[in-house]
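Here is the structure we will look at, set down as structure tokens.
There are 2 protein chains.
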Amino acid sequence: MTSQDFTDTSGRPGTGSEGRAEILDAAAQSFMEYGFNGATIDDVADRIRATKGRVYHYYRSKIDLFLDVHLRAMGIMIEAVRPVAEGPGTPAERLHAMALRHAHAIMENFAYQKVSIQGLEKPLISSRGARPNAMIEKVVALRDEYESLFAGVLEQGSAEGAFVEAPPRQLSKPVLGALNWLTLWYRPELSPTPETREAIARNLADFVLRGALRRPDGKADGKAGHAG
Amino acid sequence: MTSQDFTDTSGRPGTGSEGRAEILDAAAQSFMEYGFNGATIDDVADRIRATKGRVYHYYRSKIDLFLDVHLRAMGIMIEAVRPVAEGPGTPAERLHAMALRHAHAIMENFAYQKVSIQGLEKPLISSRGARPNAMIEKVVALRDEYESLFAGVLEQGSAEGAFVEAPPRQLSKPVLGALNWLTLWYRPELSPTPETREAIARNLADFVLRGALRRPDGKADGKAGHAG
DNA sequence: CTTGGAAAACCTACGCCGTAGTACGCTCTA
DNA sequence: TAGAGCGTACTACGGCGTAGGTTTTCCAAG
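Order-wise, the sequence lines are chains A and B.
The first sequence begins at 1 in the UniProt record's numbering and counts up one residue at a time.
The second sequence begins at 1 in the UniProt record's numbering and counts up one residue at a time.
Okay, here's the thing in structure tokens:
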């Protein structure tokens, strides 16, 4: 479960991780722009100046291609965040660092992460006639594994009294929400420089850290605040 | 700009807001489950035990139907949140109340809000051959108007020193992100009671309030916290 | 260094199905 | 008797996946 081999090579004759990568990049782009159903294999092929044939030479079906984008995206994320999640430092320091890396990973691999973070469930489980694809479970498993990285740090912080008292999964939702929301408003072409990205990442990381940290005055701890 | 008439009636002969509502509900459900491209008009019709003919009697096209779901969703949201946004109380109290209502509105109109919050841009602007549909701009305008409700309160809170110093739009992103993320993990069938929903809403509202509130110790204010 | 052949890499059709939208007919009400 | 409120039957077309053919790479034998 230490997770390596984040790409699927069980599809077709060509194991060549060379042509696959190019296809995968194009696919991530296409899926990002049009969604699963909206994207077409022909469009993916066009982006690399090729035809359907080349895509189907490496991938058995559209869903396989889609899932491989997910696998790659999750792999990037886990490899970026796990080191600091399991590294040294207080829970607060680690959470902040995790959030920073998470945000950066999103912005630097925008197509992959946007596809990965948003549309998973709908196109696959719902897809009329869902065959039992093994890759789906693998993606879901990676997702859970990833959220556990946050939940673990949050739980420790709660136990130490630094973070608010709450079930870790209950706290991880708004944390990941605030971060992942980036995929819905970030425009790579408007903030292309490392400086602007750093500013965005810090802003988000600071926010989620404040959201998790316990307040000395006990405000917004769930016992006060009436309105509505 | 005081926003009434949140439904589109410029499509077809039948102005009857009776049959339209039923279609709209079914459409929201179908779009939520399958996305814009995945959903079919036939499926929408099936859900109300009817045929295509009925749907096309009220709506000119699939996109019109889709946009009307968005309009309805935005209308619900604005009507729920605006009163407290523009009401009395400190910025902190109002932000908390807005977040509460926002979360409740999502859970109580899940299909509409899930459709509205997620897929807008992709299927429409990107949709090969995007005709200049006037409804799109209306939806976008409502979106901005809604985010302004939060931005306004956040700005006031920052000015008063209660909230962190930051551009309001910069603060509204993680706030709305933490809240809207609900559409990706909430399962209506697992938390159907008012009590469970209230707990979820409070949890989220507390989180975003903490995220916005300035900390006495100055932690996570964007000037400290090195790691990664 | 050739040469042969096999496999990989890729392209060119084409079949086929699902689905948006249309044309038209029916029925009931005001 | 006109029109709202539907249903039925049909067309048109975009797109997934496939069945082959063609080119390139690779490698072992001569």
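Cβ atoms here follow ideal geometry from the backbone N, Cα and C, with glycine treated the same way.
Smallest Cα separation from residue i: which of the options?
| i | options | result |
| --- | --- | --- |
| A/ALA212 | A/ILE76, A/SER191 and A/LEU176 | A/LEU176 |
| A/HIS104 | A/ASP217, A/LEU190 and A/ASN180 | A/ASN180 |
| A/GLY222 | B/ARG94, B/GLU160, B/PHE207 and B/PHE31 | B/PHE207 |
| B/GLY218 | A/LYS219, A/ARG215 and A/ALA220 | A/ARG215 |
| residue 244 of chain A | A/MET77, A/LEU71 and A/GLY38 | Because chain A spans 1 through 228 in this model, residue 244 of chain A falls outside it and cannot be assessed. |
| B/ARG82 | B/HIS102, B/ILE63 and B/ASN133 | B/HIS102 |
| A/PRO168 | A/LEU184, A/THR183, A/TRP185 and A/LEU149 | A/LEU149 |
| A/VAL55 | A/ILE41, A/VAL115 and A/VAL140 | A/ILE41 |
| A/GLU137 | A/ARG20, A/LEU67, A/LEU209 and A/PRO192 | A/LEU67 |
| B/GLN29 | B/ARG60, B/PRO174, B/ARG143 and B/VAL44 | B/VAL44 |
| B/GLU86 | B/ALA151, B/TRP185, B/ARG210 and B/ALA141 | B/ALA151 |
| A/ASP46 | A/ILE63, A/LYS62, A/ARG60 and A/ALA27 | A/ALA27 |
| A/ALA50 | A/ALA73, A/MET74 and A/ARG20 | A/ARG20 |
| B/ALA141 | B/LEU190, B/LEU120, B/VAL153 and B/GLU155 | B/LEU120 |
| A/VAL96 | A/VAL84, A/MET107 and A/ILE106 | Note that residue 96 of chain A is His in the sequence shown here, rather than Val. Minimum Cα distance to A/HIS96 is reached at A/VAL84. |
| B/LEU65 | B/VAL139, B/GLU108, B/ILE76 and B/ILE106 | B/VAL139 |
| B/LYS173 | B/VAL153, B/ALA80 and B/GLU147 | B/GLU147 |
| A/ARG210 | A/ILE78, A/ALA178, A/ILE48 and A/ILE76 | A/ALA178 |
| A/LEU184 | B/ASP144, B/SER191 and B/ILE117 | B/ILE117 |
| A/GLU155 | A/ARG143, A/GLU145 and A/GLN170 | A/GLN170 |
| B/THR193 | B/ALA73, B/MET107, B/ILE76 and B/GLU18 | B/MET107 |
| B/ALA134 | B/ILE63, B/GLU22 and B/VAL164 | B/ILE63 |
| A/GLN113 | A/MET74, A/GLU145 and A/ALA80 | A/MET74 |
| B/VAL164 | B/ALA220, B/ILE78, B/PHE31 and B/GLY53 | B/ALA220 |
| B/GLU18 | B/TYR58, B/PHE31 and B/ASN109 | B/TYR58 |
| B/ALA205 | B/MET98, B/SER61, B/ILE78 and B/GLU79 | B/MET98 |
| B/GLU189 | B/GLU79, B/VAL153 and B/ALA111 | B/ALA111 |
| residue 230 of chain B | B/ALA166, B/VAL153 and B/ASN109 | Lying before the first or after the last residue shown, residue 230 of chain B is absent from chain B, which here runs from 1 to 228. |
| A/PHE31 | A/VAL69, A/LYS52, A/GLU22 and A/SER61 | A/VAL69 |
| A/LEU182 | A/ARG143, A/SER61, A/VAL115 and A/VAL153 | A/VAL115 |
| B/GLU79 | B/VAL153, B/LYS52 and B/GLU145 | B/GLU145 |
Hey, quick one: how far does the alpha helix (DSSP H) through residue i stretch, first residue to last?
| i | result |
| --- | --- |
| A/ASP217 | Where A/ASP217 is concerned, there is no enclosing alpha helix (DSSP H), given that its DSSP letter is neither H nor E. |
| B/VAL84 | 62–85 |
| A/TRP185 | 182–185 |
| B/GLU18 | No alpha helix (DSSP H) holds B/GLU18; DSSP gives it neither H nor E. |
| B/GLN113 | 110–117 |
| B/ILE41 | 41–47 |
| B/TYR59 | From DSSP, B/TYR59 is part of no alpha helix (DSSP H); its letter is neither H nor E. |
Could you pull the DSSP bridge partners for residue i from this structure?
| i | result |
| --- | --- |
| B/PHE163 | B/LEU213 |
Could you name the residues of the region 140–171 of chain A whose beta carbon sits closer than 8 Å to any beta carbon of chain B, in the order they occur along the chain? VAL164, ALA166, GLN170 and LEU171
Could you say if the region 195–206 of chain B and the region 193–209 of chain A meet the contact criterion of at least three C-beta pairs nearer than 8 Å? no
So does the region 91–101 of chain B actually touch the region 149–163 of chain B, counting three or more Cβ pairs closer than 8 Å? yes
Is there contact here, the region 34–52 of chain B with the region 35–51 of chain A, by at least three beta-carbon pairs under 8 Å? yes
With 7 Å as the limit, tell me which residues of the region 66–92 of chain B have their beta carbon closer than that to any beta carbon of chain A; keep them in chain order. VAL84 and GLY89
Interface positions of the region 192–204 of chain B facing chain A (Cβ-Cβ less than 8 Å), listed along the chain: ARG202, ASN203 and LEU204
Chain A contacts made by the UniProt DNA-binding region "H-T-H motif" (40–59) of chain B, where a contact means CB separation under 7 Å: none
Any C-beta of chain B within less than 8 Å: which residues of the region 109–121 of chain A qualify? GLN118 and GLY119
Listed in chain order, which residues of the region 176–188 of chain A have Cβ atoms closer than 8 Å to some Cβ of chain B? LEU176, GLY177, ALA178, LEU179, ASN180, TRP181, LEU182, LEU184 and TRP185
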